[in-house]
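Chains as they are written, first to last, in our numbering: chain A, 15 to 214; chain B, 162 to 356. In this text, a Cβ means the ideal position worked out from N, Cα and C, and glycines have one as well. Since the model is a prediction, treat every value here as computed from it, not as a measurement. Below: the structure, in structure tokens.
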């Protein structure tokens with residue numbers, strides 16, 4: 015039951031883009047076409063889950079026992095950068111078809127603040143999910159990370175669909191490009207606010 | 162004259178928020194009030210100036226292959242320094258800005274300036290460039306924060322001018338996107354006329 019609440023909360027109630035403002039740059043950057051949007055969401059999903067697993071373990075078994083929590087920011091960004099490189103190399107060897115689908119998006123992910131944001135969030139914040147506030151254990155952290163990245167994908171795909179329609183319309187000159195996109199996201203965020211209150 | 166241009170170009174011509182569209186996440190997330198926007202802007206300014214100086218100093222002796230990891234570690238070190246200082250001197254602000262202080266590491270403005278400017282110029286010029294871009298960022302964050310605060314809570318810099326409720330949605334997530342979108346339209350209109 016608790017996992018179910020985590021999933022609902024991470025995808026709809028606290029959507030990573032529309033409520034937490036993480037990963038906006040790629041969200042606005044690659045959402046012009048539905049196909050690139052799905053590719054990017056797939057890559058983000060993969061990296062967020064893997065990065066959370068590794069950083070969670072590093073934090074628990076390396077940083078906390080040696081009282082080095084203040085190194086979290088430096089350690090995590092290095093781990094994520096190295097991880098993304100490694101994923102790229104491994105994918106190239108094992109699954110060239112997946113690599114060509116995700117390939118161009120992978121290097122961009124290092125500077126996607128959604129990855130570092132989720133990694134820092136799960137180790138520094140207490141979550142409630144319908145019960146009293148507590149630190150997440152490894153299983154919960156992984157489910158949370160995976161569901162969050164699914165929420166990212168959902169927001170991305172909806173927005174890409176809207177933007178494809180938007181590009182066919184005649185918008186005023188000053189609104190062209192990013193401004194109209196931001197207004198659209200605003201209305202989308204308004205719609206997602208309807209979910210708040212589902213999970214406390 | 163040239164040095165002055167380095168500082169002022171971030172205000173309008175190369176404004177990081179409205180023209181270059183960099184650092185969107187902190188821009189949207191932390192501008193719930195004018196003071197918060199100002200705080201986030203100054204925090205980024207601090208990291209930007211120091212990392213620009215350090216990177217321009219070591220750029221020549223850094224092997225090309227590892228320059229990105231080196232830059233990221235330098236930036237992350239200054240961000241950690243900033244975290245300590247904010248925890249000590251402005252704990253309330255540190256609580257409010259929360260996650261977005263460590264996330265300055267992945268703010269594309271900082272790494273962008275390191276790549277595009279600091280790695281090719283002297284220490285003094287890089288410091289001025291960081292100052293200019295940081296001030297431009299601070300300015301746009303403060304303006305966006307002020308607009309959202311006026312609409313959302315009916316106050317400016319904490320000074321309340323209406324009694325009762327205002328349009329609360331502007332302090333929450335949707336208002337951030339809408340305000341930034343419309344401010345960008347205004348900015349486009351004004352700067353296009355100048356040409």
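CB contact below 8 Å: residue i versus chain E
| i | result |
| --- | --- |
| residue 241 of chain B | The structure shown contains no chain E; its protein chains are A and B. |
Three-state secondary structure (DSSP) of residue i
| i | result |
| --- | --- |
| residue 278 of chain B | helix |
| residue 111 of chain A | helix |
| residue 261 of chain B | helix |
| residue 31 of chain A | coil |
| residue 314 of chain B | helix |
| residue 189 of chain A | helix |
| residue 170 of chain B | coil |
| residue 201 of chain A | helix |
| residue 321 of chain B | strand |
| residue 179 of chain B | coil |
| residue 328 of chain B | coil |
| residue 356 of chain B | Only weak support exists for where residue 356 of chain B lies, its pLDDT of 46 falling under 50; the value from the coordinates is given anyway. Looking at residue 356 of chain B - three-state DSSP - the assignment turns out to be coil, as it is neither helix nor strand. |
| residue 306 of chain B | helix |
| residue 46 of chain A | coil |
| residue 163 of chain B | helix |
| residue 211 of chain A | coil |
| residue 181 of chain A | coil |
| residue 167 of chain A | helix |
| residue 345 of chain B | helix |
| residue 36 of chain A | coil |
| residue 54 of chain A | helix |
| residue 184 of chain B | coil |
| residue 291 of chain B | helix |
| residue 283 of chain B | coil |
Chain A within 8 Å of residue i, Cβ atoms only
| i | result |
| --- | --- |
| residue 176 of chain B | no |
| residue 349 of chain B | yes |
| residue 356 of chain B | Residue confidence is low: residue 356 of chain B scores 46 on pLDDT, short of 50, so the model does not pin down where it sits. No coordinate-derived value is stated. |
| residue 263 of chain B | yes |
| residue 342 of chain B | yes |
| residue 246 of chain B | no |
| residue 167 of chain B | no |
| residue 260 of chain B | yes |
Chain B within 8 Å of residue i, Cβ atoms only
| i | result |
| --- | --- |
| residue 207 of chain A | yes |
| residue 135 of chain A | yes |
| residue 79 of chain A | no |
| residue 150 of chain A | no |
| residue 18 of chain A | no |
| residue 27 of chain A | no |
| residue 199 of chain A | yes |
| residue 153 of chain A | no |
| residue 70 of chain A | no |
| residue 131 of chain A | yes |
| residue 51 of chain A | no |
Supposed close pair residue i, residue j - CB separation, criterion 8 Å
| i | j | result |
| --- | --- | --- |
| residue 193 of chain A | residue 176 of chain B | Going by Cβ atoms, the distance from residue 193 of chain A to residue 176 of chain B rounds to 14 Å, so no, they are not a contact pair. |
| residue 51 of chain A | residue 44 of chain A | 6 Å |
| residue 215 of chain A | residue 133 of chain A | Residue 215 of chain A is absent from the structure shown; chain A starts at 15 and stops at 214. |
| residue 265 of chain B | residue 208 of chain B | 5 Å |
| residue 217 of chain B | residue 283 of chain B | 6 Å |
| residue 345 of chain B | residue 196 of chain A | 7 Å |
| residue 213 of chain B | residue 287 of chain B | 4 Å |
| residue 201 of chain B | residue 191 of chain B | 4 Å |
| residue 340 of chain B | residue 305 of chain B | 6 Å |
| residue 160 of chain A | residue 150 of chain A | Contact doesn't hold; Cβ gap of about 13 Å is too wide. |
| residue 212 of chain A | residue 27 of chain A | 6 Å |
| residue 210 of chain B | residue 291 of chain B | 4 Å |
| residue 243 of chain B | residue 270 of chain B | In fact, because the Cβ distance is near 15 Å, the residues do not count as touching under 8 Å. |
| residue 101 of chain A | residue 64 of chain A | 7 Å |
Heavy atom of the ligand GDP within 7 Å of residue i beta-carbon
| i | result |
| --- | --- |
| residue 184 of chain A | This structure lacks the ligand GDP, and indeed carries no ligand of any kind. |
Within chain B, the residues that residue i reaches when beta carbons sit closer than 8 Å
| i | result |
| --- | --- |
| residue 33 of chain A | 334 |
| residue 125 of chain A | 267, 269 and 272 |
| residue 42 of chain A | 182 and 185 |
Chain-ordered neighbours of residue i on chain B, where CB pairs are closer than 9 Å
| i | result |
| --- | --- |
| residue 92 of chain A | 230, 233, 234 and 237 |
| residue 119 of chain A | Result: empty, since nearest Cβ-Cβ is about 16 Å, beyond 9 Å. |
| residue 203 of chain A | 333, 334, 335, 336, 337, 338 and 339 |
Contacts of residue i in chain A (Cβ-Cβ under 7 Å)
| i | result |
| --- | --- |
| residue 182 of chain B | 192 |
| residue 363 of chain B | Outside the displayed span of chain B (162 to 356) sits residue 363 of chain B, for which this structure offers no information. |
| residue 307 of chain B | Those do not exist, as residue 307 of chain B stays about 18 Å from chain A at its closest Cβ, beyond 7 Å. |
| residue 339 of chain B | 197 and 200 |
Partners in chain B for residue i, counting only beta-carbon separations shorter than 7 Å
| i | result |
| --- | --- |
| residue 175 of chain A | Within chain B, no residue comes near residue 175 of chain A; the closest Cβ sits about 17 Å away, beyond 7 Å. |
| residue 95 of chain A | 230 and 233 |
| residue 84 of chain A | 241 |
| residue 38 of chain A | 185, 186 and 189 |
| residue 88 of chain A | 234, 237, 238 and 241 |
| residue 189 of chain A | 346 |
| residue 67 of chain A | The contacting residues do not exist; residue 67 of chain A stays about 19 Å from chain B at best. |
8 Å Cβ cut-off: residues of chain A touching residue i
| i | result |
| --- | --- |
| residue 345 of chain B | 192, 193 and 196 |
Segments of 4+ residues assigned as alpha helix (DSSP H) that fall wholly inside the segment 189-269 of chain B = For secondary structure counted as the alpha helix (DSSP H) over 4 or more consecutive residues, the segment 189-269 of chain B holds these complete runs in sequence order: 195-219, 228-250 and 252-258.
Mind pulling the beta strand (DSSP E) runs of 3 or more residues that sit fully within the segment 77-151 of chain A?
-> Listed in chain order, nothing qualifies, since the segment 77-151 of chain A has no complete beta strand (DSSP E) run of 3 or more residues.
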